[in-house]
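J.: Residue numbers (this note's numbering): 9 to 236.
Built from N, CA and C at the ideal position, the CB exists for glycine as well.
A quick note: this is a predicted structure, and the numbers were derived from the prediction, not measured.
A single structure is presented below for examination.
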(Lines of atoms letter the chains of each structure in order from A and count residues from 1; the text may use other names and numbers.)
(Lines give C-alpha, C1' and ligand atoms only; values in the text may rest on other atoms or scores of the structure.)
Protein backbone atom coordinates (compact mmCIF):
# COMPACT_ATOMS: atom_id res chain seq x y z
CA UNK A 1 0.00 0.00 0.00
CA UNK A 2 1.23 3.50 -0.87
CA UNK A 3 -0.25 6.20 1.32
CA UNK A 4 -0.72 9.88 0.58
CA UNK A 5 -0.83 11.78 3.85
CA UNK A 6 -2.44 15.10 4.53
CA UNK A 7 -4.92 16.97 2.40
CA UNK A 8 -6.81 14.09 0.84
CA UNK A 9 -6.59 11.49 3.61
CA UNK A 10 -6.74 7.73 3.51
CA UNK A 11 -9.37 7.33 0.77
CA UNK A 12 -7.19 9.07 -1.83
CA UNK A 13 -4.23 7.04 -0.66
CA UNK A 14 -6.07 3.82 -1.48
CA UNK A 15 -7.26 5.18 -4.84
CA UNK A 16 -3.82 6.26 -5.95
CA UNK A 17 -2.23 3.01 -4.78
CA UNK A 18 -4.70 1.05 -6.88
CA UNK A 19 -4.05 3.29 -9.89
CA UNK A 20 -0.31 2.73 -9.50
CA UNK A 21 -0.76 -1.00 -9.18
CA UNK A 22 -2.72 -0.85 -12.40
CA UNK A 23 0.15 1.06 -13.99
CA UNK A 24 2.51 -1.71 -13.01
CA UNK A 25 0.23 -4.28 -14.62
CA UNK A 26 -0.18 -2.26 -17.81
CA UNK A 27 3.42 -1.16 -18.24
CA UNK A 28 5.39 -3.86 -16.46
CA UNK A 29 7.18 -1.45 -14.14
CA UNK A 30 7.75 -1.46 -10.42
CA UNK A 31 5.69 0.83 -8.20
CA UNK A 32 7.63 2.48 -5.39
CA UNK A 33 6.87 5.16 -2.85
CA UNK A 34 8.50 8.56 -3.00
CA UNK A 35 12.04 8.66 -1.63
CA UNK A 36 12.80 4.93 -1.85
CA UNK A 37 15.75 3.83 -3.94
CA UNK A 38 15.19 1.40 -6.76
CA UNK A 39 17.95 -0.35 -8.66
CA UNK A 40 15.99 -0.14 -11.90
CA UNK A 41 16.07 3.64 -11.93
CA UNK A 42 13.25 6.25 -11.94
CA UNK A 43 10.19 4.00 -11.89
CA UNK A 44 6.61 4.99 -11.16
CA UNK A 45 6.39 6.98 -7.93
CA UNK A 46 3.73 8.57 -5.79
CA UNK A 47 4.69 12.18 -5.19
CA UNK A 48 3.22 14.99 -3.20
CA UNK A 49 0.06 16.80 -4.26
CA UNK A 50 1.78 19.30 -6.55
CA UNK A 51 4.37 16.96 -8.07
CA UNK A 52 1.73 14.39 -9.06
CA UNK A 53 2.20 10.92 -10.51
CA UNK A 54 5.35 10.27 -12.51
CA UNK A 55 5.94 7.42 -14.95
CA UNK A 56 9.44 8.42 -15.98
CA UNK A 57 10.73 4.94 -16.66
CA UNK A 58 8.13 4.26 -19.34
CA UNK A 59 7.60 7.71 -20.80
CA UNK A 60 10.36 7.68 -23.39
CA UNK A 61 9.67 4.07 -24.31
CA UNK A 62 5.94 4.42 -24.78
CA UNK A 63 5.30 8.05 -25.79
CA UNK A 64 3.27 8.17 -28.97
CA UNK A 65 4.82 9.42 -32.19
CA UNK A 66 1.65 10.81 -33.83
CA UNK A 67 -1.06 13.20 -32.75
CA UNK A 68 -4.46 12.05 -31.49
CA UNK A 69 -7.74 13.89 -30.89
CA UNK A 70 -9.53 13.03 -27.65
CA UNK A 71 -13.06 13.98 -26.58
CA UNK A 72 -14.18 13.84 -22.93
CA UNK A 73 -17.92 13.76 -22.32
CA UNK A 74 -20.09 14.23 -19.25
CA UNK A 75 -23.61 15.53 -18.75
CA UNK A 76 -23.11 19.20 -17.91
CA UNK A 77 -19.61 19.84 -19.32
CA UNK A 78 -18.85 22.08 -16.36
CA UNK A 79 -16.46 20.04 -14.20
CA UNK A 80 -15.03 16.56 -14.89
CA UNK A 81 -14.86 16.69 -18.68
CA UNK A 82 -13.50 20.24 -18.58
CA UNK A 83 -10.79 19.19 -16.12
CA UNK A 84 -9.83 16.24 -18.33
CA UNK A 85 -9.63 18.47 -21.41
CA UNK A 86 -7.36 20.98 -19.72
CA UNK A 87 -5.08 18.41 -18.10
CA UNK A 88 -4.58 16.35 -21.26
CA UNK A 89 -3.88 19.42 -23.37
CA UNK A 90 -0.98 20.23 -21.06
CA UNK A 91 0.39 16.77 -20.25
CA UNK A 92 -0.07 15.45 -23.79
CA UNK A 93 0.95 18.59 -25.65
CA UNK A 94 2.35 17.75 -29.08
CA UNK A 95 0.82 14.28 -29.08
CA UNK A 96 -2.79 14.80 -27.98
CA UNK A 97 -5.39 17.50 -28.57
CA UNK A 98 -8.23 17.31 -26.07
CA UNK A 99 -11.81 18.53 -26.31
CA UNK A 100 -14.83 18.25 -24.02
CA UNK A 101 -18.59 18.40 -24.35
CA UNK A 102 -21.82 17.60 -22.54
CA UNK A 103 -25.02 15.80 -23.42
CA UNK A 104 -26.94 18.54 -21.59
CA UNK A 105 -24.37 21.33 -21.13
CA UNK A 106 -24.88 23.80 -18.31
CA UNK A 107 -23.64 26.62 -20.51
CA UNK A 108 -20.98 27.74 -18.03
CA UNK A 109 -17.92 26.32 -16.29
CA UNK A 110 -18.42 25.65 -12.59
CA UNK A 111 -16.56 28.29 -10.52
CA UNK A 112 -14.82 25.61 -8.44
CA UNK A 113 -13.58 23.94 -11.62
CA UNK A 114 -11.92 27.20 -12.55
CA UNK A 115 -10.60 27.65 -9.02
CA UNK A 116 -8.96 24.22 -8.83
CA UNK A 117 -7.44 24.42 -12.30
CA UNK A 118 -6.16 27.96 -11.72
CA UNK A 119 -4.55 26.85 -8.47
CA UNK A 120 -2.63 24.21 -10.42
CA UNK A 121 -1.42 26.78 -12.93
CA UNK A 122 -3.70 25.92 -15.86
CA UNK A 123 -5.00 28.55 -18.28
CA UNK A 124 -8.80 28.60 -18.08
CA UNK A 125 -9.45 31.70 -20.15
CA UNK A 126 -10.70 29.95 -23.28
CA UNK A 127 -12.91 27.30 -21.69
CA UNK A 128 -16.62 27.01 -22.46
CA UNK A 129 -19.44 24.58 -21.79
CA UNK A 130 -20.77 23.13 -25.05
CA UNK A 131 -22.94 20.38 -26.51
CA UNK A 132 -21.60 17.14 -27.90
CA UNK A 133 -23.51 17.85 -31.11
CA UNK A 134 -20.70 20.24 -32.07
CA UNK A 135 -18.50 17.21 -32.64
CA UNK A 136 -20.93 15.41 -34.93
CA UNK A 137 -20.78 18.05 -37.66
CA UNK A 138 -18.79 17.44 -40.86
CA UNK A 139 -16.36 20.26 -40.07
CA UNK A 140 -15.68 19.02 -36.54
CA UNK A 141 -12.29 17.49 -35.65
CA UNK A 142 -12.23 13.72 -36.21
CA UNK A 143 -11.81 11.97 -32.87
CA UNK A 144 -9.46 9.08 -32.19
CA UNK A 145 -10.65 8.51 -28.61
CA UNK A 146 -13.88 9.34 -26.79
CA UNK A 147 -14.21 8.92 -23.02
CA UNK A 148 -17.33 9.29 -20.92
CA UNK A 149 -16.36 10.51 -17.46
CA UNK A 150 -19.69 10.31 -15.63
CA UNK A 151 -21.97 7.33 -15.16
CA UNK A 152 -25.13 9.17 -16.22
CA UNK A 153 -23.93 10.06 -19.70
CA UNK A 154 -22.47 6.57 -20.15
CA UNK A 155 -26.03 5.24 -20.13
CA UNK A 156 -27.34 7.74 -22.68
CA UNK A 157 -27.72 7.18 -26.40
CA UNK A 158 -24.62 8.79 -27.87
CA UNK A 159 -24.49 10.47 -31.28
CA UNK A 160 -23.00 8.69 -34.26
CA UNK A 161 -19.40 9.86 -34.14
CA UNK A 162 -17.57 10.38 -37.44
CA UNK A 163 -14.82 7.87 -38.06
CA UNK A 164 -14.21 4.95 -35.75
CA UNK A 165 -13.01 6.41 -32.44
CA UNK A 166 -12.04 4.07 -29.63
CA UNK A 167 -14.46 4.62 -26.76
CA UNK A 168 -14.22 3.81 -23.07
CA UNK A 169 -15.93 4.78 -19.83
CA UNK A 170 -13.86 6.41 -17.09
CA UNK A 171 -16.25 7.19 -14.27
CA UNK A 172 -15.29 9.80 -11.68
CA UNK A 173 -17.32 11.10 -8.71
CA UNK A 174 -19.38 14.19 -9.43
CA UNK A 175 -17.90 17.05 -7.40
CA UNK A 176 -20.83 19.30 -8.29
CA UNK A 177 -23.14 17.00 -6.31
CA UNK A 178 -21.17 17.35 -3.08
CA UNK A 179 -23.00 19.24 -0.33
CA UNK A 180 -21.01 20.77 2.49
CA UNK A 181 -18.89 23.68 3.56
CA UNK A 182 -17.00 25.71 0.95
CA UNK A 183 -13.83 23.88 2.01
CA UNK A 184 -15.47 20.48 1.61
CA UNK A 185 -16.79 21.33 -1.82
CA UNK A 186 -13.42 22.68 -2.98
CA UNK A 187 -11.77 19.49 -1.68
CA UNK A 188 -14.22 17.40 -3.75
CA UNK A 189 -13.15 19.22 -6.91
CA UNK A 190 -9.48 18.91 -5.97
CA UNK A 191 -9.87 15.17 -5.35
CA UNK A 192 -11.43 14.62 -8.78
CA UNK A 193 -8.82 16.75 -10.51
CA UNK A 194 -6.11 14.67 -8.86
CA UNK A 195 -7.75 11.39 -9.93
CA UNK A 196 -8.24 12.57 -13.51
CA UNK A 197 -4.63 13.73 -13.72
CA UNK A 198 -3.34 10.34 -12.58
CA UNK A 199 -5.56 8.54 -15.09
CA UNK A 200 -4.40 10.76 -17.93
CA UNK A 201 -0.74 10.20 -17.05
CA UNK A 202 -1.32 6.47 -17.45
CA UNK A 203 -3.22 7.03 -20.70
CA UNK A 204 -0.56 9.11 -22.43
CA UNK A 205 2.09 6.49 -21.70
CA UNK A 206 0.27 3.62 -23.36
CA UNK A 207 2.26 2.33 -26.38
CA UNK A 208 -0.51 3.35 -28.76
CA UNK A 209 1.44 2.97 -31.99
CA UNK A 210 2.86 -0.40 -30.97
CA UNK A 211 -0.19 -2.44 -29.96
CA UNK A 212 -3.34 -3.55 -31.74
CA UNK A 213 -6.57 -1.58 -31.61
CA UNK A 214 -8.17 -4.43 -29.63
CA UNK A 215 -5.37 -4.46 -27.06
CA UNK A 216 -5.51 -0.68 -26.76
CA UNK A 217 -9.26 -0.75 -26.18
CA UNK A 218 -8.80 -3.43 -23.52
CA UNK A 219 -6.16 -1.33 -21.76
CA UNK A 220 -8.38 1.76 -21.79
CA UNK A 221 -11.31 -0.24 -20.43
CA UNK A 222 -9.10 -1.64 -17.67
CA UNK A 223 -8.01 1.86 -16.70
CA UNK A 224 -11.65 2.77 -16.19
CA UNK A 225 -12.60 -0.17 -13.97
CA UNK A 226 -13.83 0.81 -10.48
CA UNK A 227 -11.25 0.59 -7.71
CA UNK A 228 -11.84 -1.33 -4.51
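Drop a sphere of 10 angstroms on the beta-carbon of residue 75, count the other beta-carbons inside from all chains shown, and report buried for 16 or more, exposed for fewer.
T.: To locate residue 75, count along the chain shown from 1; it is residue 67. With fewer than 16 Cβ atoms within 10 Å of its Cβ, residue 75 is classed as exposed.
J.: Locate the alpha helix (DSSP H) running through residue 208, then write down its first and last residues.
T.: Position 200 of the chain shown, counted from the first residue, corresponds to residue 208. Residue 208 -> alpha helix (DSSP H) spans 190-212.
J.: Taking the C-alpha atoms as reference points, what is the distance between residue 226 and residue 137?
T.: Reading the chain shown from its first residue, position 218 is the one you call residue 226. Reading the chain shown from its first residue, position 129 is the one you call residue 137. Rounded to whole angstroms, residue 226 to residue 137 spans 30 Å at the Cα level.
J.: Here's the rule: buried if 16 or more other CB atoms are within 10 angstroms of the residue's CB, otherwise exposed. What is residue 195?
T.: Taking the first residue of the chain shown as position 1, residue 195 is located at position 187. By the 10 Å Cβ count, residue 195 comes out buried.
J.: Could you check which residue in 107, 198 and 148 has the C-alpha nearest to that of residue 170?
T.: Taking the first residue of the chain shown as 1, we reach residue 170 at position 162. Nearest option by C-alpha distance: 148.
J.: Does DSSP put residue 81 in a helix, in a strand, or in coil?
T.: Residue numbering aside, residue 81 sits at position 73 when the chain shown is read from its first letter. Residue 81: strand per DSSP, three-state reduction.
J.: Which of the three DSSP states is assigned to residue 54 in this structure?
T.: Your numbering for residue 54 matches position 46 in the chain shown. With a pLDDT of only 34 at residue 54, under 50, the local geometry of the prediction cannot be trusted, and the value read off the model is given with reservation. Correct three-state label for residue 54: strand.
J.: Measuring alpha carbon to alpha carbon, tell me which of 117, 112 and 106 ends up nearest residue 82.
T.: Taking the chain shown and counting its residues from 1, the one referred to as residue 82 is at position 74. Of the candidates 117, 112 and 106, the one whose C-alpha sits nearest the C-alpha of residue 82 is 112.
J.: What are the residues that DSSP puts in a beta bridge with residue 110?
T.: Taking the first residue of the chain shown as 1, we reach residue 110 at position 102. Note: residue 110 sits in a beta bridge opposite 82 and 139.
J.: Should the stretch 145-159 be regarded as contacting the stretch 112-122, the criterion being three or more beta carbon pairs within less than 8 Å?
T.: Verdict: no, contact absent.
J.: Using DSSP bridges, identify the partner residues of residue 176.
T.: Counting from 1 along the chain shown, the entry for residue 176 is found at position 168. Residue 176 is bridged to 155.
J.: Helix, strand or coil: how does DSSP classify residue 105 here?
T.: Here residue 105 corresponds to residue number 97 of the chain shown, with the count starting at 1. Note: residue 105 maps to strand in three-state DSSP.
J.: In terms of residue numbering, what span does the alpha helix (DSSP H) encompassing residue 230 cover?
T.: For the purposes of this step, residue 230 is taken as the residue at position 222 of the chain shown. Its alpha helix (DSSP H) spans residues 221-231.
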